[in-house]
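Residue numbers (my numbering): 10 to 180.
Ideal Cβ placement from N, Cα and C applies to all residues, glycine included.
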């Protein structure tokens with residue numbers, strides 16, 4: 010298994026986890042492991058369904074956060090660019106007033122990923138409505154919204170690695 014790929018997708022994780030993932034891959038079991046943990050495909054396929062999903066989570070956990078003006082799946086956000094989601098505020102002058110529109114863009118990759126991974130990236134982007142930096146408060150907020158956040162983030166990285174390994178094998 011490529012050490013470069015492991016470092017790219019699993020940076021800052023301990024060597025014993027790298028070894029376990031490498032062993033699963035060498036045995037041809039990495040995909041089986043992921044399929045067993047995350048067997049279901051989600052039904053969130055449209056921007057409207059994604060918007061409703063985000064607003065529901067926001068209302069449940071971040072009632073005082075700014076309203077979301079737009080939530081979309083974005084084909085331009087790719088794994089290769091290491092961008093899976095974006096949280097932006099677009100400021101415009103309207104009638105002499107400055108209006109900020111809050112937008113969340115989620116990589117279209119998540120249309121076919123397990124629901125847990127979609128929820129993880131949505132929680133991550135929603136947390137940016139309150140916490141801009143990836144600091145302790147940010148991750149505490151993520152875990153408040155999704156207690157399994159660290160596991161989902163790790164497994165999502167393994168999923169991305171598995172796909173990258175499959176693409177290098179077929180190239």
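*Helix, strand or coil: how does DSSP classify residue 40 here?*
The residue you call residue 40 lines up with position 31 of the chain shown. Reduced to three states, the DSSP call for residue 40 is helix.
*Tell me, please, whether the stretch 166-180 touches the stretch 127-137 by the rule of three or more beta-carbon pairs shorter than 8 Å.*
Touching, no, given that fewer than three Cβ pairs across the two stretches are closer than 8 Å.
*If you draw a straight line from the C-alpha of residue 78 to the C-alpha of residue 32, how long is it?*
Here residue 78 refers to the residue found at position 69 when the chain shown is read from its first residue. Here residue 32 refers to the residue found at position 23 when the chain shown is read from its first residue. In a straight line, the C-alpha of residue 78 is about 45 Å away from that of residue 32.
*Residue span of the beta strand (DSSP E) that contains residue 114, given as start and end*: Reading the chain shown from its first residue, position 105 is the one you call residue 114. For residue 114, the enclosing beta strand (DSSP E) begins and ends at 106-116.
*Return the chain-ordered list of same chain residues with a C-beta closer than 6 Å to the C-beta of residue 109, the five sequence neighbours on each side being excluded.*
One-based indexing of the chain shown puts residue 109 at position 100. For residue 109, where only same-chain residues beyond five positions count, the Cβ hits under 6 Å are 98 and 100.
*Contact belief for residue 56 with residue 80 at Cβ below 8 Å, rounded distance in angstroms*: Counting from 1 along the chain shown, the entry for residue 56 is found at position 47. Counting from 1 along the chain shown, the entry for residue 80 is found at position 71. With a Cβ gap of about 7 Å, residue 56 and residue 80 count as contacting.
*By Cβ distance, which residues of its chain are closer than 6 Å to residue 116, with the 5 residues on each side in sequence left out?*
Position 107 of the chain shown, counted from the start, is the residue given in the question as residue 116. Within its own chain, the residues whose Cβ lies closer than 6 Å to the Cβ of residue 116, once the five positions on either side in sequence are excluded, are 86 and 93, listed in chain order.
*asked:* Does the structure place the stretch 68-78 close enough to the stretch 137-145 that three or more beta carbon pairs sit under 8 Å?
replied: The way I'd put it, the stretch 137-145 does touch the stretch 68-78; three or more beta-carbon pairs between them come closer than 8 Å.
*May I have the straight-line CA-CA distance separating residue 125 from residue 161, to the nearest angstrom?*
In the chain shown, the residue the question calls residue 125 occupies position 116. In the chain shown, the residue the question calls residue 161 occupies position 152. Just so you know, the alpha carbons of residue 125 and residue 161 end up roughly 6 Å apart.
*Per DSSP, the bridge partner or partners of residue 31*: Numbered from its first residue, the chain shown carries residue 31 at position 22. Paired residues: none, contrary to the question.
*With 16 as the cutoff for other CB atoms within 10 Å, does residue 76 come out buried or exposed?*
Within the chain shown, numbered from 1, the residue matching residue 76 stands at position 67. Classification of residue 76: exposed, given that the 10 Å Cβ count is below 16.
*Residue range of the alpha helix (DSSP H) that residue 17 falls in?*
Within the chain shown, numbered from 1, the residue matching residue 17 stands at position 8. Residue 17 -> alpha helix (DSSP H) spans 12-18.
*Secondary structure at residue 159, three-state DSSP: helix, strand or coil?*
Against the chain shown, residue 159 aligns to sequence position 150. Assigned with DSSP and collapsed to three states, residue 159 falls in helix.
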